[in-house]
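Inspection log for the structure reproduced underneath, given as structure tokens.
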Amino acid sequence: MEGVIFITDEIITNILNIELKDLEDFSSYSKDGILYHDFTLKNRETSCPNCGLYSCNIKEYKARKIKHSAYNQRNCVLLYHARRFVCKDCGRTFYESNPFVSTEHSISKLTIINVLNELKEYNSTFSSVAEHNNISSTQAEAIFDDYVN
Numbered sequence: 322m323e324g325v326i327f328i329t330d331e332i333i334t335n336i337l338n339i340e341l342k343d344l345e346d347f348s349s350y351s352k353d354g355i356l357y358h359d360f361t362l363k364n365r366e367t368s369c370p371n372c373g374l375y376s377c378n379i380k381e382y383k384a385r386k387i388k389h390s391a392y393n394q395r396n397c398v399l400l401y402h403a404r405r406f407v408c409k410d411c412g413r414t415f416y417e418s419n420p421f422v423s424t425e426h427s428i429s430k431l432t433i434i435n436v437l438n439e440l441k442e443y444n445s446t447f448s449s450v451a452e453h454n455n456i457s458s459t460q461a462e463a464i465f466d467d468y469v470n
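So for the sequence shown, our numbering puts the first residue at 322; every next one is plus one.
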């Protein structure tokens, strides 16, 4: 069937760059032409980045909306329910680590890599690369500025 995407275990692990055993829950749905992957990672023992102790409690879950260029012809958004921890010892709060997005970004690492690879082509433009990866041309320019000297 044209336009139908069947989500397999292999697709999930390739999209998120993790193993299935690391997922607590996962669902996919389409709304207004956008494919959403909604998920939470399994809880792992986490050390505080400030003091290094493992005495951390979950403070809250924050839903992060991450643009992802996993599918060339379709908008894809990761709805990641990130755990925010608080250290019992020093009081610092921080997010759990993950392999698909940096704390300060709303664009996946895969999308950033795709944008940078496409910008290597001699005839590529920020607009064409942005359209292909379902981001704005301003975001494509910002990625270029952040990663290319």
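By construction, the Cβ of each residue, glycine as well, lies at the ideal position given by its N, Cα and C atoms.
Straight through space, the alpha carbons of residue 377 and residue 360 are spaced by roughly 22 Å. For residue 333, the closest alpha carbon among the candidates 391, 448, 446, 410 is that of 391. The beta carbon of residue 339 is closer than 7 Å to those of 420 in its chain, skipping five residues each way along the sequence. Taking a contact as a CB-CB distance under 8 Å, the pair residue 428 and residue 388 counts as one, their CB atoms being some 5 Å apart.
In this structure residue 443 does not touch residue 400 by the C-beta definition: roughly 36 Å separates them, more than the 8 Å allowed. With a 10 Å radius around the Cβ and a threshold of 16 neighbouring Cβ atoms, residue 454 comes out buried.
Across the structure, residue 395 and residue 355 are spaced so that their CA atoms are roughly 7 Å apart. Within the DSSP bridge table, the entry for residue 361 names 346 as partners.
Exclusion of the five residues before and after residue 408 leaves 369, 371, 372, 374, 376, 377 as the residues of its chain whose Cβ lies within less than 7 Å of its Cβ. Taken atom to atom, the span from the alpha-carbon of residue 450 to that of residue 411 is near 44 Å. Note on geometry: alpha-carbon atoms of residue 347 and residue 432 lie some 20 Å from one another.
Scanning its chain for C-beta atoms nearer than 7 Å, with the 5 sequence neighbours on each side dropped, one finds around residue 414 the residues 380, 405, 406, 407, in chain order.
Burial state of residue 461 is buried, judged by a 10 Å Cβ sphere holding 16 or more other Cβ atoms. In the structure shown, residue 378 falls within a strand segment according to DSSP collapsed to helix, strand and coil.
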